[in-house]
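Line by line, the protein sequences are chains C and H. Its first residue numbered 1, the first sequence is counted upward by one per residue in our numbering. Its first residue numbered 1001, the second sequence is counted upward by one per residue in our numbering. Working notes, structure below.
There are 2 protein chains.
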Amino acid sequence: MLPLDKLITIDKSSNTAVYLQISNTMIHQIRSGRLRKGTKLPGSRKLAESLQVHRNTLLAAYDELQAQGWIETEPRKGTFVVQDLPDIQPQGIVQTTPKATYPRETAFTVDESRIVQFPSGQPSHEFELTIDDGFPDIREAPIEAYTRELRSLSRRSVFNKYYRYGSPEGVNYLRETLSSFLNDSRGLPISPGNIMITNGAQMGIYLTARLLIRPGDHVIVGDPCFWGATRTLQQTGAEINRVPVDGSGMDIDAVERLCKKKEIKLLYIITHHQHPTTVTLSPKRRIRLLELAAEYDFAIIEDDYDYNFHYASSPILPMASLDQHGNVIYIGTLSKTLVPSIRMGFVVAPENFITAVSHQRRAVDWQGDSLKEVAIARLYENGTMDRHIKKMIRLYRERRDRFCGLLQQKIGDRVSFDKPDGGMSAWATFLDNDLNTVEEKSRERGLRIPNSRVYNKGSVYNTIRLGFASLNFKEQERAVEILSKSLS
Amino acid sequence: MLPLDKLITIDKSSNTAVYLQISNTMIHQIRSGRLRKGTKLPGSRKLAESLQVHRNTLLAAYDELQAQGWIETEPRKGTFVVQDLPDIQPQGIVQTTPKATYPRETAFTVDESRIVQFPSGQPSHEFELTIDDGFPDIREAPIEAYTRELRSLSRRSVFNKYYRYGSPEGVNYLRETLSSFLNDSRGLPISPGNIMITNGAQMGIYLTARLLIRPGDHVIVGDPCFWGATRTLQQTGAEINRVPVDGSGMDIDAVERLCKKKEIKLLYIITHHQHPTTVTLSPKRRIRLLELAAEYDFAIIEDDYDYNFHYASSPILPMASLDQHGNVIYIGTLSKTLVPSIRMGFVVAPENFITAVSHQRRAVDWQGDSLKEVAIARLYENGTMDRHIKKMIRLYRERRDRFCGLLQQKIGDRVSFDKPDGGMSAWATFLDNDLNTVEEKSRERGLRIPNSRVYNKGSVYNTIRLGFASLNFKEQERAVEILSKSLS
């Protein structure tokens, strides 16, 4: 009778339940051959004593082993390791410490070369103060109205059907609400069949690229371009071609020159308050671009994540509203209107595209959260969204004016920027201070500013977006104060 | 002065605002050359009259055109089409009807061959009664407790930080809660760094396959296998190899034979209550499979979507709890514990894999819904999840026994099935009735049964899963009654 209690070590500080530590250890002993098949096990009372655990704990371990088919109990004879286990050569199994451990690394190699790295920063809430990349003020968002809708939906059994599996395009209720919202506000003569609900604009970009791009296909983006989109396109194997962005948006002549040289499959563009430069594509260039797309037969992703927040006269309609051929995939999001973590956006496209992309979406995550989608639809219907947008336009316009004024007044000699027509940030070039140093110095003073290195893949910029929308006047003053102290 | 009013047709029934119909039409006229640059436009009052719209509507249209840069107003002279538009040859533009339309089809071709089709059925709530594929009873789910948590979170500003952008792995609060839950209940000695939160198990399968599979790589699945997983693997370009599934689960000898012939990259398996067959992989085979994975260096996706619902003695621990090498990617979901549309699941793996897969997740949809994740974490912490699981195990066990009894009694001579040890459905083979016919006849009587054709890609089965968990006793009786009437 082997000293089983010597083979079993228990770590009471471990997260793993003691009975599982015991049963796991014994499994390892059996597999390693130290506990031979047919071995009679000591009685539970006896072993419990020597292990100094409660007898029920040991019984639970024995139950576990029995349920797993490692041991069997014969009436009036006792408990034994079962006979019919496969004969395992000990060297066939790694020797493990009795205490259960979890592998540090995968046995198979994960091919790093296939992974496009996304930068991961320290979460902003760990800073005293943050100038973000151009995010909404979450303190103003109608989150309570949203959770109120969720709560009231969950109280009415008529909405139970939304707990079942649904369609990958999203619930029709929201698709209908959004299509008339987009008809009225953005001149998109679409029907619900032209809309798929996504987890934010990001999923729309990903699914579209995944559907249209084969490794090696050429795509066009702006220089600079929203770094998340560039990386996503690269993740799908696209060859990135960058064309300059000036005060009127992407240089369409440069696009045409590229089209003559290479077969372009897809062009990614933000037409309103481009990320990062905040410029808007001029009407002339929109028409030229649509013509080029028709002539050279490429798809356009019009990412319009920021449409709602335009502070000049009425905003220019999306390029998609002029698209007669069906070249434009129009993508929007609620991340800027509500809060980033709400993860809801939409893709607008001709029906054949929506159908195709919905199959892709099945593969990715099956469908969206139907209950959330219905709650959002109700926020549109009861006017909450519209009121909130109007309110935020006023607030953010004030904050833009105040913030740009502060920048001019305090550090106008050391940064250059244009006051944006819309959006939530200014694209500011730092003239004689290296941004990495500025970032460090600000950090020491408790201020976080955006990471400028994310653009360096395109070309090197000493420029970052300074988000003004999420900061009230007091915060703006403190932020700019620290910023100016961090400049030489 | 051309008769502009003749060129503008207004459809008051259209979803598009009238002023946008007018401005869009005029844009088309300008682009088509019918409205030449420099043309003087009629006064708003005059044109409003002839179009029979309110003058403000027309002014809004003119504002829109001006904002978009199509027209300009010269003081005391009037309003003109601007001079500096690009000279567009009319044939360069498709002739469009004045009324704004949206393209029926994309201009570019969407390559059907690259899209793996997922079957799309009629939503179950359109039927009087449904025998589903094995889904939980949504009427029993603690959705109200969940929305209560959401509501109370949204009322406390301390949780505001969860509205900001966060990490692709999910909020640490839930990762910590889940890792100790999985430690205690499933013998997984993991830490939060081994967990990524996903949108359901589906996203875990997709991201893992996307990360590990290159087109043409060989993967192994069971025959039969969960049809959603097979299609997802195909979507990533995998070569599917099917090995038989018998009463003890996947035939591991067949797996070994395949490993000797081909380089296997990945094996997908459901170890508990396999979908569709409901069988559980025996302990012997688990050990053999782990050894093969170590020997032939392939990854295993252990999809454990159903672990909580085992009705025999205590369930066998997941294979991942025995994994010493780091071959197993362990995937779980809350779809069966809460409701399918909640879209929350998790991937458990060594940290290097979690890091790699989190970059993939950034590309796909950036991150999950942080507020939801915190609410779910609280449901674990305050015991709601645990109570619900225990309650459902009792309820579903009763329903299984009752349902299998009914099947045996009413149509036992025309179907063959084994009473499952766990899960939410029985895998029933119809002996002398073609399932397509049965499906049709049941439908005529208001009963929906699962689609059997989804398995035919593997081999032809006249077998479907008959879900018992979502039907109370009355519903079970009516369902089986209709089913028996639909059999010859």
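We treat Cβ as the ideally placed atom computed from N, Cα and C, and that holds for glycine. This one's a predicted model, so the numbers in the text were calculated from it and none came from an experiment.
Specify the secondary structure class of residue i as computed by DSSP and reduced to three states.
| i | result |
| --- | --- |
| LEU1058(H) | helix |
| TYR173(C) | helix |
| PHE1108(H) | coil |
| TYR1461(H) | coil |
| THR208(C) | helix |
| LEU1395(H) | helix |
| MET424(C) | coil |
| PHE430(C) | strand |
| ILE93(C) | Because ILE93(C) sits at a pLDDT of 29, beneath the cut-off of 50, its placement in the model cannot be relied upon, and the following sentence gives the value as read from the coordinates. Here ILE93(C) sits in coil by DSSP. |
| ILE1220(H) | strand |
| GLU1072(H) | strand |
| GLU1477(H) | helix |
| LYS336(C) | coil |
| GLU137(C) | A quick correction: the sequence has Asp, not Glu, at residue 137(C). In this structure, ASP137(C) counts as coil in the three-state DSSP scheme. |
| GLU128(C) | coil |
| HIS1310(H) | strand |
| SER1120(H) | coil |
| LEU1447(H) | strand |
| SER967(H) | Absent from the model: residue 967(H). The displayed extent of chain H is 1001 to 1488, so no value can be given. |
| TYR330(C) | strand |
On the DSSP letters alone, give me the boundaries of the alpha helix (DSSP H) that residue i sits inside.
| i | result |
| --- | --- |
| PRO1283(H) | 1283-1296 |
| ILE8(C) | Element bounds for ILE8(C): n/a, residue is neither H nor E. |
| TRP1227(H) | 1227-1235 |
| PHE1346(H) | Here PHE1346(H) belongs to no alpha helix (DSSP H); instead the beta strand (DSSP E) covers 1345-1348. |
| HIS1359(H) | 1351-1365 |
| ASN24(C) | 18-32 |
| GLU149(C) | 143-154 |
| ALA377(C) | 370-381 |
| ALA48(C) | 44-51 |
Does the beta carbon of residue i come closer than 9 Å to any beta carbon on chain B?
| i | result |
| --- | --- |
| VAL255(C) | The chain inventory of the structure shown lacks chain B, comprising the protein chains C and H. |
Specify, as a first and last residue, the run of the beta strand (DSSP E) that residue i falls within.
| i | result |
| --- | --- |
| LYS1265(H) | 1264-1269 |
| PHE1080(H) | 1078-1081 |
| VAL243(C) | 239-246 |
| ILE1252(H) | Taken as a continuous stretch (DSSP letters only), ILE1252(H) belongs to no beta strand (DSSP E), being part of the alpha helix (DSSP H) at 1252-1261. |
| ILE197(C) | 195-198 |
Is residue i buried or exposed, if buried means 16 or more other CB atoms sit within 10 Å of its CB?
| i | result |
| --- | --- |
| GLY1078(H) | exposed |
| GLY383(C) | exposed |
| THR1198(H) | buried |
| GLN1095(H) | Bear in mind that a pLDDT of 35 at GLN1095(H), under 50, signals an unreliable position, so the number given afterwards is only what the model happens to contain. GLN1095(H) is exposed by the Cβ-count criterion. |
| ALA1363(H) | buried |
| GLU1263(H) | exposed |
| ASN327(C) | buried |
| PHE1309(H) | buried |
| THR1208(H) | buried |
| GLN91(C) | Its pLDDT being 28, under 50, GLN91(C) is placed unreliably by the model, and the measurement read from it follows with that caveat. The residue in question, GLN91(C), is exposed, as its Cβ has fewer than 16 Cβ neighbours within 10 Å. |
| PRO119(C) | exposed |
| PRO315(C) | buried |
| PHE108(C) | buried |
Kindly examine the ligand NAP and report whether one of its heavy atoms sits closer than 8 Å to the Cβ of residue i.
| i | result |
| --- | --- |
| SER442(C) | The ligand NAP is not part of this structure, which contains no ligands at all. |
Is it the case that the segment 427-447 of chain C contacts the segment 461-470 of chain C, given that we only count it when at least three CB pairs across the two stretches are under 8 Å?
yes
For the segment 1344-1361 of chain H and the segment 1105-1125 of chain H, state whether three or more C-beta atom pairs, one from each stretch, are separated by less than 8 Å.
no
Is there contact here, the segment 1273-1293 of chain H with the segment 1247-1263 of chain H, by at least three beta-carbon pairs under 8 Å?
yes
Indicate whether the contact test is met: 3 or more Cβ pairs, each with one atom in the segment 1331-1340 of chain H and one in the segment 1289-1298 of chain H, closer than 8 Å.
Proximity of the segment 1331-1340 of chain H to the segment 1289-1298 of chain H falls short of the contact definition, fewer than three beta-carbon pairs being nearer than 8 Å.
When Cβ atoms are compared, which residues of the segment 126-158 of chain C fall closer than 8 Å to chain H?
PHE135, ILE138, ARG139, ALA141, ILE143, GLU144, TYR146, THR147, ARG148, LEU150, ARG151, LEU153, SER154, ARG155 and SER157
Using a Cβ cut-off of 8 Å, which residues of the segment 365-388 of chain C contact any Cβ in chain H, in chain order?
Going along the segment 365-388 of chain C in chain order, one finds ASP365, TRP366, GLN367, GLY368, ASP369, SER370, LEU371 and LYS372 with a Cβ nearer than 8 Å to chain H.
According to a CB-to-CB cut-off of less than 9 Å, which residues of the segment 103-119 of chain C neighbour chain H?
So the close ones are PRO103, ARG104, GLU105, THR106, ALA107, PHE108, THR109, VAL110, ASP111, GLU112, ARG114, ILE115, VAL116, GLN117 and PHE118.
Determine which residues of the segment 1184-1207 of chain H have a Cβ less than 8 Å from any Cβ of chain C, and write them out in chain order.
ASP1184, GLY1187, LEU1188, PRO1189, ILE1190, SER1191, ASN1194, THR1198, ASN1199, GLY1200, GLN1202, MET1203 and TYR1206
Residues of the segment 1258-1275 of chain H in Cβ contact with chain C at a cutoff of 7 Å, in chain order, please.
none
Near-chain H residues of the segment 339-369 of chain C (beta-carbon distance less than 8 Å), N- to C-terminal order
VAL339, PRO340, SER341, ILE342, ARG343, ALA349, PRO350, GLU351, ASN352, PHE353, ALA356, HIS359, GLN360, ARG362, ALA363, VAL364, ASP365, TRP366, GLN367, GLY368 and ASP369
Report the residues of the segment 1212-1223 of chain H with a CB closer than 7 Å to any CB of chain C, ordered along the chain.
none
Which residues, taken in chain order from the segment 1276-1309 of chain H, show a beta carbon closer than 8 Å to some beta carbon of chain C?
SER1282, PRO1283, LYS1284, ILE1287, ARG1288, GLU1291, ALA1293, ALA1294, ASP1297, PHE1298 and ALA1299
Between the segment 1232-1240 of chain H and the segment 1202-1222 of chain H, do at least 3 Cβ pairs fall closer than 8 Å?
yes
Residues from the segment 165-178 of chain C in contact with chain H, defined by Cβ distance under 8 Å
TYR165, GLY166, SER167 and PRO168
Is the segment 160-179 of chain C in contact with the segment 138-151 of chain C, if contact means three or more CB pairs nearer than 8 Å?
no
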